[in-house]
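Here the sequence shown stands for residues 4 to 379, where the numbers follow the numbering used here. Heads up, the beta-carbon is just placed ideally off N, CA and C, and yes, glycines get one too.
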Amino acid sequence: MKINIIGGGPAGLYFAILMKKTNPNHNIKVYERNAADSTFGWGVVFSGKTQENLKEADAVSHKAITETFAEWDNVDVVHRGEKVTIRGNRFSGIARIEMLKILQKRCAELDVELNFETEIDDVEKLAGDCDLFMGADGINSTVRRLYAEQFKPDLSTRPNKYIWFGTHQLFHGLTLTFKQNEYGVFASHSYKFNNDTSTFIVECDPQTWDAAGFEKMNEEDTRKSLERVFKEDLHGHHLMSNNSKWINFVNVKNNHWHYQNIALLGDALHTAHFSIGSGTKLALEDSIALHRCFAENKTDIEKALSEFETTRKPVVESLQSAAYESLMLFENLKDFMHLTPLELAYKMMTRSGRVDVESLRKRDPDFVAKYESAHG
Numbered sequence: 004m005k006i007n008i009i010g011g012g013p014a015g016l017y018f019a020i021l022m023k024k025t026n027p028n029h030n031i032k033v034y035e036r037n038a039a040d041s042t043f044g045w046g047v048v049f050s051g052k053t054q055e056n057l058k059e060a061d062a063v064s065h066k067a068i069t070e071t072f073a074e075w076d077n078v079d080v081v082h083r084g085e086k087v088t089i090r091g092n093r094f095s096g097i098a099r100i101e102m103l104k105i106l107q108k109r110c111a112e113l114d115v116e117l118n119f120e121t122e123i124d125d126v127e128k129l130a131g132d133c134d135l136f137m138g139a140d141g142i143n144s145t146v147r148r149l150y151a152e153q154f155k156p157d158l159s160t161r162p163n164k165y166i167w168f169g170t171h172q173l174f175h176g177l178t179l180t181f182k183q184n185e186y187g188v189f190a191s192h193s194y195k196f197n198n199d200t201s202t203f204i205v206e207c208d209p210q211t212w213d214a215a216g217f218e219k220m221n222e223e224d225t226r227k228s229l230e231r232v233f234k235e236d237l238h239g240h241h242l243m244s245n246n247s248k249w250i251n252f253v254n255v256k257n258n259h260w261h262y263q264n265i266a267l268l269g270d271a272l273h274t275a276h277f278s279i280g281s282g283t284k285l286a287l288e289d290s291i292a293l294h295r296c297f298a299e300n301k302t303d304i305e306k307a308l309s310e311f312e313t314t315r316k317p318v319v320e321s322l323q324s325a326a327y328e329s330l331m332l333f334e335n336l337k338d339f340m341h342l343t344p345l346e347l348a349y350k351m352m353t354r355s356g357r358v359d360v361e362s363l364r365k366r367d368p369d370f371v372a373k374y375e376s377a378h379g
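Printed below as a string of structure tokens:
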């Protein structure tokens, strides 16, 4: 097959790898508007299950990725200056740019053609010049916009503001930190992704954002202001910006996942709030699922794309439903700040509905016993 892919992020690159690995005769071209070494954000996180999926799909790239992983099994919830630790959670972190480099190298090994700093002016022409056309071009997808009548996207912009930093303060676990001051309530989502750097995402509701005066602050003032809010947690380390700007999370859904020979992948297709999962994880698992459909249906493109939508959509919708419950809690954090640190930790662990008390007990029986002793 001749396959054209717009978007050189994890979804597009990994799908190209899997298809080319299966059949070296596929002619696969990836088009990316940014440079090969451009990336936004810091580290991304994976669960243990995702790691297993990556190993099964392509052992070569999996080995390269896992060699750079920072791993942990704890979730830490910090409230009123007290840290509550919940064990039994298998996670790994990696720098996003490092992961992209690994996938780019693997594409080159397999003879996938990568075209960076390439803006596609005529999407319809590119789609017509191939057997399969993939829109893996991110949350602001041009492909989704051009074929909106066919995909029927549902985009919901959420009220909370968030901003993505890095820091040399190492958070040895997936850490949720809550701060309340005269402006309102702030939450940080942080975790290390290599030996000297952590991701540090700050989130707050629009009332807090307005009261703190962020609208009038430049990037440097914003960074310094948030360093003061989380001074006790950063232990003298600074926040580091990578084109860091306040944005609103956009919940992306599409009623239809493909049209003729055109399909969407990754953030172009769907998003899930960062408090419950990584967009990168979803993107890679999308690629694995779609590749399996082609492995079963070979060159029957319509059948493969239909099967992808039929089998993968319920999985994604279930995750999005759980992510929605999580984002709703974060949008209403002020209603939970009266809880004790132990109570808030329990609330955080069970917020999505995917983890109940019994599964939590299997992960960390001591934590559940402590909670039940205090609140049973």
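Excluding five sequence positions before and after proline 156, the CB atoms of its chain that fall closer than 6 Å to its own CB belong to Arg147 and Asn257, given in chain order. Per DSSP, the beta-bridge partners of glutamine 183 are Val188.
Of the candidates Arg161, Ala190, Lys195 and Glu230, the residue whose Cα lies closest to the Cα of glycine 176 is Lys195. Going by C-alpha positions, tyrosine 34 is about 20 Å away from isoleucine 291. Looking at the DSSP output, histidine 82 bridges to Glu85 and Phe181. When secondary structure is reduced to three states using DSSP, glycine 51 falls in the helix class. Residues Cys296 of the same chain have their beta carbon placed closer than 6 Å to that of glutamate 310, with the five preceding and five following residues left out of the count.
Non-local beta-carbon contacts of glutamine 153 in its own chain, meaning distances under 7 Å to residues more than five positions away in sequence, involve His259 and Tyr262 in chain order. In this structure, isoleucine 166 sits away from isoleucine 105, with a CB-CB distance that is not shorter than 8 Å.
Contact between the segment 197 to 211 and the segment 28 to 47 is present: three or more C-beta pairs spanning the two stretches fall below 8 Å.
Taking asparagine 246 as the centre and dropping the five residues before and after it, the same chain places the C-beta of Phe43 closer than 8 Å to its C-beta, in chain order. The residue among Val360, Lys350 and Leu363 with its C-alpha nearest the C-alpha of valine 81 is Lys350. Between the beta-carbon of aspartate 40 and that of glycine 141 there is about 17 Å, and that puts the pair past the 8 Å contact cut.
Here isoleucine 9 is bridged, per DSSP, to Tyr34 and Gly138. In the DSSP annotation of this structure, alanine 39 is not part of any beta strand (DSSP E), being labelled neither H nor E.
Per DSSP, the unbroken alpha helix (DSSP H) holding tryptophan 212 starts and ends at 209 to 215. Distances from the alpha-carbon of threonine 88 to those of Thr178, Phe18, Arg231 and Val115 put Thr178 closest. In this structure, alanine 14 places its C-beta atom within 8 Å of the C-beta atom of alanine 286. Counting only the Cα atoms, isoleucine 8 lies some 16 Å from alanine 38. In this structure, the straight-line span from the alpha carbon of methionine 137 to that of methionine 331 is close to 32 Å. Glutamine 210 counts as exposed, since fewer than 16 other C-beta atoms from the protein chains shown sit within 10 angstroms of its C-beta. With a minimum length of 4 residues, the unbroken runs of alpha helix (DSSP H) contained wholly in the segment 221 to 279 fall at 222 to 232 and 234 to 237. Look at arginine 90 here: in three-state DSSP terms it is coil, with no helix or strand label. Between valine 255 and histidine 273, the C-beta spacing is below 8 Å.
Sequence-distant partners of aspartate 114 (beyond 5 residues in either direction) whose C-beta falls short of 8 Å from its own C-beta, in its chain, are Lys23 and Pro27.
Relative to the Cα of proline 344, the nearest Cα in the group Ile123, Lys182, Leu158 and Ala62 belongs to Lys182. Straight-line spacing of the CA atoms in glutamate 361 and asparagine 251 works out to 34 Å.
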